[in-house]
Structure formats: C-alpha cells, structure tokens
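Beneath this line is the structure, given in structure tokens, with notes to follow.
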Amino acid sequence: MNDKGFTLVELLTVIIILGVLAIIAVPMVMGNVDESKRISYDKLIKNIEQTTQIYIRNNKDNIPGIKTVGNVTSITLQDLVDKEGLKKPVIDPITEKTVSLTTPITIVVKERGKYDVEINDFIYEEE
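In terms of the numbering used here, the sequence shown opens at residue 3 and continues consecutively.
See below:
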C-alpha cells in the first residue's frame, strides 16, 4: 500500500499546535497594538501642548488674561490650526475618531512666561 496522505491524528495534532500558538501570539500582538496606540496618543498630546506654547508666545497680546499670574484661560484646536499650522484632521489614535476643532485647551498662567497646558477631554465630531 502506498501511503501519501496524513492520518486524522496527525491532522488533529497540527491543528491543536496551531491553536496553542494562536492563543499565545494573539494577546502579545494585541498588547503591542494597544501600546503603540497609547504612544501615539501621548505624542499627539505633546504636539498639541508644544503648539499651544508656540501659540501663546506668538499671540500673547491677543489672549485675554495671559499676562496675569494665576489666571486660567482657554483656546481651541481651531486656534492652533488657524495660527500655528496644526495639521487637520486631528485623529485620536486610541478611538480612531476625528477630534472636533472646538475642543478646548486650558492655559493656566503659573508665573510670567510659564504656562501649564491642559487638554481634559477631546470632543469628537459627529459621524
């Protein structure tokens, strides 16, 4: 007899081995995807914060209360797009949704020339 095929046991063994490998590999890959989304999100926030600092430096005469220590004021992403060339659309890498340009950015005047920039929550555009 000429045996050129695989037995049922051999096929099941291969399927089980592939299943075990998939069970091990999928969480590792998904963890990497989640981590890369988090890193991209952190970079987006840092970019918005840096662009806001540039916006403040270039427009401090036009931002109400920006010269008084302790004041809190805000701008929007639209201001950064219009005046500092922030690229649009702004996409949240975690949710993969487009961020509305009406999203507020809070500026806290810590001392003369020093500001804290806070982005509390993104507002998303309607789909």
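Glycine included, every Cβ here is placed at the ideal spot set by N, Cα and C.
| query | Are L82 and I107 closer than 9 Å when you measure CB to CB? | reply | For this step, residue 82 is matched to residue 80 along the sequence shown. For this step, residue 107 is matched to residue 105 along the sequence shown. It is a contact, given that the beta carbons lie within the stated cut-off.
| How many Å lie between G33 and K112 at the Cα? | As a working mapping, residue 33 is identified with position 31 in the sequence shown. As a working mapping, residue 112 is identified with position 110 in the sequence shown. Roughly 38 Å between the two C-alpha positions.
| Where do the N-terminal and C-terminal ends of the beta strand (DSSP E) with P95 fall, by residue? | In the sequence shown, counting from the first residue as 1, residue 95 sits at position 93. Looking at the DSSP string, P95 is not in any beta strand (DSSP E), and its letter there is neither H nor E.
| query | Looking only at its own chain, which residues have a Cβ that is under 7 Å from the Cβ of Q80, when we skip the five neighbours before and after it? | reply | Walking along the sequence shown from the start, residue 80 turns up at place 78. The answer, listed in chain order, is L103 and T104.
| task | Hey, could you find the ends of the alpha helix (DSSP H) V110 is sitting in? | result | Taking the first residue of the sequence shown as 1, we reach residue 110 at position 108. First-last for V110: P106 to E113, but that is the beta strand (DSSP E), not the alpha helix (DSSP H).
| said: Distance check for F124 and K99, CA to CA, integer angstroms please. | reply: The residue labelled residue 99 in the question sits at position 97 within the sequence shown. The residue labelled residue 124 in the question sits at position 122 within the sequence shown. Approximately 10 Å, taken between the alpha carbons.
| field | Distance between V119 and E129 (C-alpha atoms, nearest Å) | value | Here residue 129 refers to the residue found at position 127 of the sequence shown. Here residue 119 refers to the residue found at position 117 of the sequence shown. Near 28 Å, if we compare the C-alpha coordinates of V119 and E129.
| Should the stretch 25–41 be called in touch with the stretch 65–75, which here means at least 3 C-beta pairs below 8 Å? | no
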